[in-house]
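Since the structure comes first, as structure tokens, the remarks are kept for the end.
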Amino acid sequence: MLKKTLLIFVALSLSLATVPDLTAGGISADAGLTPAHDKWMFRTQARLNRLKNAPDQMTREMDMYMFPLVIAYGVRSDLTVMIRQPLMRMNMTMAGNTTHTTGFGDLMLMTKYRAVRRNTPTYTFGVAPLLGIKLPTGEDDISANATSLKTGLFVSGRIQPWASELNFTYTLNGLTGDDDREEYQVLEFVGAFARQFSLTEDGRRAIAPVVELSYEHATATEIDNVEQPNSGGSLLRVAPGAKLTISGVVFESLLWIPVWEDLNGNQLEYDIGGLIGLRVML
76 MLKKTLLIFV ALSLSLATVP DLTAGGISAD AGLTPAHDKW MFRTQARLNR
126 LKNAPDQMTR EMDMYMFPLV IAYGVRSDLT VMIRQPLMRM NMTMAGNTTH
176 TTGFGDLMLM TKYRAVRRNT PTYTFGVAPL LGIKLPTGED DISANATSLK
226 TGLFVSGRIQ PWASELNFTY TLNGLTGDDD REEYQVLEFV GAFARQFSLT
276 EDGRRAIAPV VELSYEHATA TEIDNVEQPN SGGSLLRVAP GAKLTISGVV
326 FESLLWIPVW EDLNGNQLEY DIGGLIGLRV ML
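Residue numbers (this note's numbering): 76 to 357.
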């Protein structure tokens with residue numbers, strides 16, 4: 076159950092369409108990637124989530140590595156479609172024994188429509204609803220074995236070199252699938268704030284320090300209408316990071332720091348984690 080629960084912590088990552096604006100906004104999310112009309116954007120990352128037991132409990136640890144590949148295409152100037160395929164590796168240690176699980180996770184399909192866009196000489200502002208579906212295509216030990224639906228709202232703003240993004244998402248897990256599928260709901264908020272420093276006059280090379288704040292609340296999991304005691308809870312994390320843009324290529328890094336956790340029952344707690352990534356627009 077823990078492995079499947081971990082798969083839900085996928086944030087929405089955001090960027091603007093022009094090359095100078097690629098440095099602005101979040102790092103840990105995917106659904107906000109916004110290529111221009113008839114353009115492609117590719118993103119790959121190496122992520123590490125490290126979890127461990129509370130000091131007064133039996134020693135258990137888990138390192139979860141995720142290597143997601145996201146491909147986004149601008150169908151129109153206001154419509155983006157995305158596909159996300161992660162490769163997973165999980166190392167679980169208990170009482171000195173370690174087990175390993177490696178394989179592909181579930182496939183996610185997403186679309187985003189730009190409902191509001193304001194461009195002025197001093198600021199930009201945008202609002203976009205998004206819709207996604209996760210299909211149980213992953214390998215047995217990694218897949219959630221159920222179809223999940225994600226909805227949300229993406230809000231972005233920029234004033235000169237300062238940029239901010241807010242993401243609100245709701246995920247309904249276990250819509251369809253096996254009789255023993257896990258059913259739960261997730262409410263997530265991600266806020267990102269960045270300040271861009273141009274390294275060249277044309278802005279094609281720039282660096283941007285980034286700070287992200289994320290909050291996630293998951294309901295307890297139900298299997299055959301029976302609530303599982305060691306599932307669900309809330310997590311608050313802060314994450315400093317940076318982006319380096321060179322023309323249409325973005326290098327990004329982030330350090331996740333848990334600030335507050337309220338987990339139900341006996342679950343592993345989040346430790347410090349992070350990611351490094353590469354983003355290319357063609």
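We put the beta carbon where it would ideally sit given N, CA and C, even for glycine.
Roughly how many angstroms separate the alpha carbons of residue i and residue j, rounded to a whole number?
i       : j       : result
Asn-248 : Ser-328 : 29 Å
Tyr-345 : Pro-196 : 43 Å
Lys-187 : Leu-154 : 6 Å
Pro-110 : Val-286 : 23 Å
Leu-205 : Arg-270 : 26 Å
Leu-311 : Gly-252 : 30 Å
Ser-218 : Gln-235 : 43 Å
Leu-357 : Asp-138 : 34 Å
Thr-320 : Lys-209 : 31 Å
Met-163 : Asn-124 : 11 Å
Val-301 : Ser-322 : 53 Å
Met-185 : Val-156 : 6 Å
Gly-307 : Arg-354 : 32 Å
Ile-146 : Gly-278 : 25 Å
Phe-326 : Ala-283 : 11 Å
Lys-127 : Leu-350 : 19 Å
Thr-134 : Ala-170 : 6 Å
Leu-144 : Phe-243 : 22 Å
Glu-336 : Phe-272 : 34 Å
Phe-142 : Gln-160 : 8 Å
Leu-108 : Ala-267 : 14 Å
Based on the DSSP output, what are the partners of residue i in its beta bridges?
i       : result
Leu-209 : In the sequence on display, residue 209 carries Lys and not Leu. Its beta-bridge partners are Met-183, Ser-223.
Asn-248 : Tyr-259
His-359 : Only positions 76 to 357 of the chain appear in the structure, and residue 359 is not among them; the question remains open.
Lys-318 : Ala-283, Glu-327
Ser-273 : Ala-281
Ile-234 : Tyr-198, Trp-237
Val-145 : Arg-118, Arg-159
Gly-348 : Trp-331
Glu-302 : Glu-297
Glu-214 : According to DSSP, which records beta bridges pairwise, Glu-214 is partnered with nothing at all.
Ala-267 : Glu-240, Glu-287
Asp-138 : Arg-125, Asn-166
Using 8 Å for Cβ pairs, my map puts residue i next to residue j. What's the rounded Cβ distance?
i       : j       : result
Thr-294 : Gln-342 : The pair is not a contact, with the Cβ atoms about 14 Å apart (cut-off 8 Å).
Leu-274 : Ala-281 : 6 Å
Thr-222 : Glu-258 : Going by Cβ atoms, the distance from Thr-222 to Glu-258 rounds to 11 Å, so no, they are not a contact pair.
Tyr-148 : Trp-115 : 6 Å
Ser-103 : Val-230 : Ser-103 to Val-230, Cβ: 16 Å. No contact.
Output yes if chain B places a C-beta closer than 8 Å to the C-beta of residue i; else output no.
i       : result
Glu-336 : The question asks about chain B, but that chain is absent: this structure has only one protein chain.
Here's a check: name, in chain order, each residue in its chain whose Cβ is nearer than 8 Å to the Cβ of residue i, leaving out the five neighbours to either side.
i       : result
Gly-232 : Tyr-198, Thr-199, Phe-200, Gly-201, Ala-238, Ser-239, Glu-240
Thr-173 : Asn-166, Met-167
Once the 5 residues before and after residue i are set aside, which same chain residues still bring their CB inside 6 Å of it?
i       : result
Asn-305 : Gly-340, Asn-341, Gln-342
His-175 : Asn-166
Gly-348 : Leu-123, Asn-124, Arg-125, Trp-331
Asn-220 : Pro-211, Gly-252, Asp-253, Arg-256
Ser-309 : His-292, Asp-337
Thr-98  : Annotation note: pLDDT 36 at Thr-98 (below 50); position unreliable, coordinate value reported separately. Closer than 6 Å at the Cβ level, and outside the excluded window around Thr-98, lie Gln-271, Ala-281, Ala-283, Lys-318, Thr-320.
On the three-state DSSP scale, how would you describe residue i?
i       : result
Pro-204 : strand
Asn-242 : strand
Ser-289 : strand
Leu-97  : Reliability fails at Leu-97, whose pLDDT of 38 lies under 50, so the model's placement of it is uncertain and the value that follows must be treated cautiously. Helix at Leu-97.
Arg-124 : The sequence shown places Asn at residue 124, rather than the Arg named in the question. Reduced to three states, the DSSP call for Asn-124 is strand.
Arg-189 : coil
Ser-309 : strand
Leu-353 : strand
Asp-337 : strand
Apart from the five residues on each side of it in sequence, which residues of its chain come closer than 7 Å, Cβ to Cβ, to residue i?
i       : result
Arg-192 : Gly-201
Leu-262 : Tyr-245, His-292
Leu-213 : It should be pointed out that residue 213 corresponds to Gly in this sequence rather than to Leu. Gly-178, Phe-179, Gly-180, Asp-181, listed in sequence order.
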